[in-house]
Every structure is written in structure tokens, then in C-alpha cells.
Amino acid sequence: HQEARKLQDQGLPVSIIIPATVYSARVTDSGLGFQFRKFCQRKIPFLVRSQYINSYVDLEDIATGIILVSQQRNAIGEEYIFCNGFMPTGEVFDLFEEVTGLPKPKRELSLSMASKIAFINELIARITGNIPVISRELLANMKNDCRLNNQKSIKELGMKYKPLRESMRHELTQQYEELIKRGLVKSP
Numbered sequence: 004h005q006e007a008r009k010l011q012d013q014g015l016p017v018s019i020i021i022p023a024t025v026y027s028a029r030v031t032d033s034g035l036g037f038q039f040r041k042f043c044q045r046k047i048p049f050l051v052r053s054q055y056i057n058s059y060v061d062l063e064d065i066a067t068g069i070i071l072v073s074q075q076r077n078a079i080g081e082e083y084i085f086c087n088g089f090m091p092t093g094e095v096f097d098l099f100e101e102v103t104g105l106p107k108p109k110r111e112l113s114l115s116m117a118s119k120i121a122f123i124n125e126l127i128a129r130i131t132g133n134i135p136v137i138s139r140e141l142l143a144n145m146k147n148d149c150r151l152n153n154q155k156s157i158k159e160l161g162m163k164y165k166p167l168r169e170s171m172r173h174e175l176t177q178q179y180e181e182l183i184k185r186g187l188v189k190s191p
């Protein structure tokens, strides 16, 4: 973002796209896809701040938005937030449960307790070369809700976002079927 701003300041024709947390059946190694895969593998034993609200965007909506930005001359020098909507973490895990039939974690830890576990998790991840299931950076981001405003992309670009809950359920269902097919999770 800062590098793109520098290019804009130099007079280059740059538009900045700011996506919310991306979800897609094709994105399984980061963000929501990573979290869902770990849930399916039963590697998430607790929730943290189930009422925390985060913003999400479908990968296909990002692609549509990029095309719309590229077609608009007046988009040069502008910033656009792409976001289908926002949802509390607890509801995201309700969707995980709905799609897989697996129960969501019943325990909820405080941020301070989760931070201690995250520290240990990060150490183990460094040793094993894996991505930590929970990190202190993630927890720091969860201190304040994230409700991104997509109105500029709707008004200026004519973006039409898919309904969040239905499109997320669709993508998670596809991801779950793919994880089963690839043998990364067990079929219920």
C-alpha cells in the first residue's frame, strides 16, 4: 500500500485495491481457507473473541473489481475497498460446522491466554517450518473489530457483491469437498 502511494505521488497512473480477508475454495494456505482447513483437521481446539467482527471478500469479486478498476479512467489515483460484508467469528465457525458437520470448539479463551498459546505455537512453527495455527499478529488484529466500507467501490465502479453468507458457504463447501478428495481431511 505504501509503495503504491509513493508511485501515485510520483504521478504514475496507479489505483489501489484493498481487499478484506479473502475467501475462496482455491485459497487454502492463508486467511480463512487456512483456518477452515485446520478446523476440518480438528486442529482448532478453542475460539478467541467469537464476537470479533471481521470483513470478508470473495476472490471472484476481487477479480471483478480489478476489471472494473482497469476500465475506469477516473479510477487512477483512487483507492477501493473490496468487501462482501462482515461477520462475527462465531458465525464463521457456525458456517464451518454447517458445511462439515463437525462441531465447532465449545471453549473460548481470553486474548491474554490465547497470546501465551500463540507464542508457543509460533516457536513450534519455527522449528517445524509450518504456519502457526494462531499467532500473536492475528490476535493483535482481533483487538478491534474490522468493518470495512465498500460503498466507494459500489458507487464509483458499480460493484455488485455476492451475498456474504451464501457465497462463503458455497466456497467452503467446495473447499471441503476438495480437501476430502485430496485426502487432507477425513470424510465424516
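When we follow this note's numbering, the leftmost residue of the sequence shown carries the number 4, and every step to the right adds one.
Positions of the beta carbon are idealized from the N, C-alpha and C atoms, including for glycine.
Quick caveat: nothing in here was measured; it's all calculated off a predicted structure.
Taking only runs of the beta strand (DSSP E) that begin and end inside the segment 7-46, which ones reach a length of at least 3 residues, in chain order? Listed in chain order, the beta strand (DSSP E) elements of length 3 or more contained wholly in the segment 7-46 are 19-22, 24-26.
Under the rule that 16 or more other beta-carbon atoms within 10 Å means buried, what is R133, buried or exposed? The identity of residue 133 in the sequence shown is Asn, whereas the question assumes Arg. Here N133 is exposed: its Cβ has fewer than 16 other Cβ atoms, across all protein chains shown, within 10 Å.
What does DSSP give as the partner residue(s) for L112 in the beta ladder? Bridge partners of L112: V51.
Report the three-state DSSP secondary structure of G93 (helix, strand or coil). Helix.
With H, G and I counted as helix, E and B as strand and the rest as coil, what does DSSP make of D61? Note: D61 maps to strand in three-state DSSP.
Look at the alpha carbon of K165 and the alpha carbon of G68, and state the distance between them as a whole number of angstroms. Annotation: K165 to G68 spans about 12 Å, alpha carbon to alpha carbon.
Three-way DSSP call (helix, strand, coil) for Y83 in this model: Strand at Y83.
Spatially closest choice to L35 from L141, V17, K9, by CA coordinates: Per the Cα distances, L141.
Between which two residues does the alpha helix (DSSP H) carrying M145 extend? Unbroken run through M145: none, as it is neither H nor E.
Apply the 10 Å Cβ neighbour rule to L84 and answer buried if 16 or more other Cβ atoms are within range, or exposed otherwise. Reading the sequence as shown, one finds Ile at residue 84 and not Leu. Result: buried.
Going along the chain, which residues of its own chain have a beta-carbon closer than 8 Å to the beta-carbon of I21, five neighbours each way excluded? Cβ neighbours of I21 beyond the five flanking positions: H4, E82, Y83, I84, F85, L151.
How close, in whole Å, do the beta carbons of L175 and L98 come, if the pair is a contact with beta carbons under 8 Å? Between the beta-carbon of L175 and that of L98 there is about 6 Å, and that keeps the pair under the 8 Å contact cut.
Taking Cβ positions, are V25 and L62 nearer each other than 8 Å? By the CB criterion at 8 Å, V25 and L62 fall inside the cutoff.
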